[in-house]
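Residue numbers (our numbering): 1 to 245.
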């Protein structure tokens with residue numbers, strides 16, 4: 001699963017990485033502890049121009065047919081193998097795919113029945129990356145429409161597997177266009193790009209233990225990504241690709 005992530009890249013870096021003009025981006029700050037129900041930037045195709053755009057959406061997808069927005073509390077992740085057929089995500093998978101920019105995501109290693117340690121997972125080259133996501137627009141009986149998103153998850157790679165049996169589906173930059181493009185003129189809606197939703201190569205990633213402070217959504221500062229010393233029972237530095245200290 002993916003319940004917390006960090007996005008420390010500046011807007012200038014993200015504009016260049018995702019090919020969106022900086023002057024056309026909505027304003028947003030870095031986050032070091034993004035959690036479900038928060039508002040985060042996603043990249044999608046503009047419905048009028050077909051070009052990439054950034055939009056600020058709520059994390060926790062609310063299907064267009066939902067009676068109320070509370071369903072979003074349990075739909076912040078969607079299993080990649082189930083999403084194409086599951087009612088909550090089926091239409092979004094066909095027509096409303098997006099990218100969620102990140103620099104790291106967090107997962108917890110269970111040590112015993114009472115303790116677990118958080119780890120951060122990032123690219124070895126220290127570049128931003130993108131989760132595969134779906135977005136949706138929901139109209140309440142009163143008020144403005146709510147746009148929301150979910151992060152797709154897949155099987156873990158060798159780096160994540162010691163921590164959890166799922167990981168976010170991370171896309172290679174070369175696949176961004178294919179994932180975003182839902183036009184019937186250039187893609188077959190009966191054959192969406194499910195093959196892209198696979199474990200990201202472990203050899204391209206690194207992981208390191210971080211502070212327990214990441215467990216509280218009230219903490220949101222750059223030190224959350226600082227490496228901390230390993231302790232007995234945790235994975236050793238030889239078992240994980242950790243940054244130097």
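Note that beta-carbon positions come from the ideal geometry of N, C-alpha and C, so glycine has one too.
Local Cβ density within 10 Å of residue i, reported as buried at 16 or more and exposed below that
i, result
"residue 232", "In this prediction, residue 232 scores a pLDDT of 48, lower than 50, which makes its location untrustworthy; the coordinate-derived value is nonetheless stated afterwards. Exposed, since its Cβ has fewer than 16 Cβ neighbours within 10 Å."
"residue 217", "exposed"
"residue 33", "buried"
"residue 214", "buried"
"residue 103", "buried"
"residue 4", "buried"
"residue 171", "buried"
"residue 208", "buried"
"residue 223", "exposed"
"residue 59", "buried"
"residue 183", "exposed"
"residue 72", "buried"
"residue 40", "buried"
"residue 206", "buried"
"residue 22", "exposed"
Residue from the options with nearest C-alpha to residue i
i, options, result
"residue 167", "142, 67, 120 and 128", "120"
"residue 9", "144, 100 and 1", "100"
"residue 162", "21, 111 and 23", "111"
"residue 80", "151, 6 and 212", "151"
"residue 78", "198, 194 and 153", "153"
"residue 198", "181, 192 and 169", "169"
"residue 147", "106, 96, 126 and 225", "96"
"residue 248", "212, 12 and 25", "Outside the shown range of the chain (1 to 245) lies residue 248, about which nothing can therefore be said."
"residue 11", "25, 2 and 46", "25"
"residue 53", "196, 220, 181 and 204", "181"
"residue 230", "118, 114 and 83", "118"
"residue 15", "142, 86, 155 and 130", "130"
"residue 98", "159, 114 and 50", "50"
"residue 225", "115, 174 and 31", "31"
Beta-carbon separation (whole angstroms), residue i vs residue j, contact threshold 8 Å
i, j, result
"residue 138", "residue 62", "4 Å"
"residue 179", "residue 57", "About 16 Å; that fails the 8 Å criterion."
"residue 201", "residue 165", "Their Cβ separation, rounded to whole angstroms, is 18 Å, which puts residue 201 and residue 165 out of contact at 8 Å."
"residue 128", "residue 17", "5 Å"
"residue 149", "residue 2", "No, residue 149 and residue 2 are not in contact; Cβ-Cβ is about 12 Å, not under 8 Å."
"residue 196", "residue 132", "7 Å"
Paired residues, beta bridge with residue i - DSSP
i, result
"residue 172", "Its beta-bridge partners do not exist; DSSP assigns none."
"residue 107", "119"
"residue 98", "133"
"residue 207", "121"
"residue 1", "Residue 1 pairs with nothing; no bridge assigned."
"residue 152", "78"
"residue 163", "Beta-bridge pairing links residue 163 to no other residue."
"residue 146", "138"
Tell me the start and end of each unbroken alpha helix (DSSP H) in the segment 5-58 that is at least 4 residues and wholly inside, in chain order.
11-18
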